[in-house]
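Q: Last residue of the sequence shown: number 194 in our numbering, and the count goes up by one each step with no gaps. By construction, the Cβ of each residue, glycine as well, lies at the ideal position given by its N, Cα and C atoms.
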Amino acid sequence: GDGSGGPGHVRLAPVGGPGAAGRTIGASEAGRGKRGVEQEDIPRRRVGQRVAVHPRNAPDAPIVSSIVKIYAHIDGKTRLAEAVISLPPTHGLLPGAAVRAEIVLEENPHALVVPRSAVLYRQGKPYVFLDDHGHAVERQVETGIANGQLTEISKGLVAGESVVIVGNAELNDGMAVRTETRQ
Numbered sequence: 012g013d014g015s016g017g018p019g020h021v022r023l024a025p026v027g028g029p030g031a032a033g034r035t036i037g038a039s040e041a042g043r044g045k046r047g048v049e050q051e052d053i054p055r056r057r058v059g060q061r062v063a064v065h066p067r068n069a070p071d072a073p074i075v076s077s078i079v080k081i082y083a084h085i086d087g088k089t090r091l092a093e094a095v096i097s098l099p100p101t102h103g104l105l106p107g108a109a110v111r112a113e114i115v116l117e118e119n120p121h122a123l124v125v126p127r128s129a130v131l132y133r134q135g136k137p138y139v140f141l142d143d144h145g146h147a148v149e150r151q152v153e154t155g156i157a158n159g160q161l162t163e164i165s166k167g168l169v170a171g172e173s174v175v176i177v178g179n180a181e182l183n184d185g186m187a188v189r190t191e192t193r194q
């Protein structure tokens, strides 16, 4: 035994790939959407940069857009600069609709990605746990681009492996685990 008094309960997620990770930046409005940009982020934004707009009623069906203008002044109330995006004529959003927008700062179309919760750190070094026939296996990884939900794995995993996403912080290498299945 592992001295834990029983197996840990974990939930697994597949290593996805290829995929891409961006950074969530906030909301915009329908038509010609406007979005505040933090002062320190202005140099990293440019006209033509791709934007994925996720409607609240269909977050998994983003509308692809791009930045058409960045104003070079800071709003006195919000302390943000304004970035304007254009939405395609068939966007289907109502004026004032709540959305989440991601400006794609970096993209790797060949990346392997895992849920952000799968990646743990010890002394600044990332690692994950995999389930190997009921036992936790610790694997050192190298990470790349990350957003609020996904982390790119540049080294250490292959597509199709399953990483632990819930219960992993309590695991030790070799510990018995019982996998939770979703219905």
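Apart from the five residues just before and just after Tyr208, which ones in its own chain have a Cβ nearer than 7 Å to its Cβ?
A: The requested residue 208 does not occur in the structure, where the chain is confined to residues 12 to 194.
Q: Can you name the start and end residues of the beta strand (DSSP E) that Ala63 belongs to?
A: That run of the beta strand (DSSP E) goes 61 to 66.
Q: DSSP on Arg43, reduced to helix/strand/coil?
A: Reliability fails at Arg43, whose pLDDT of 45 lies under 50, so the model's placement of it is uncertain and the value that follows must be treated cautiously. Strand, per DSSP.
Q: State the beta-bridge partners of Asp142 as determined by DSSP.
A: Answer by DSSP bridge pairing, in chain order: Ala147.
Q: Any idea what DSSP makes of Glu153, helix, strand or coil?
A: In the structure shown, Glu153 sits in a strand (DSSP, three-state: E or B).
Q: Quick check: what's the CA-CA separation for Val139 versus Asn158?
A: Cα to Cα, the separation comes out at about 17 Å.
Q: Buried or exposed: where does Gly59 fall if 16 or more other Cβ atoms within 10 Å of its Cβ makes it buried?
A: Gly59 is exposed by the Cβ-count criterion.
Q: Thinking C-alpha only, which one of Gly171, Asp184, Gln151, Leu104 is nearest Val124?
A: Answer by Cα proximity: Gly171.
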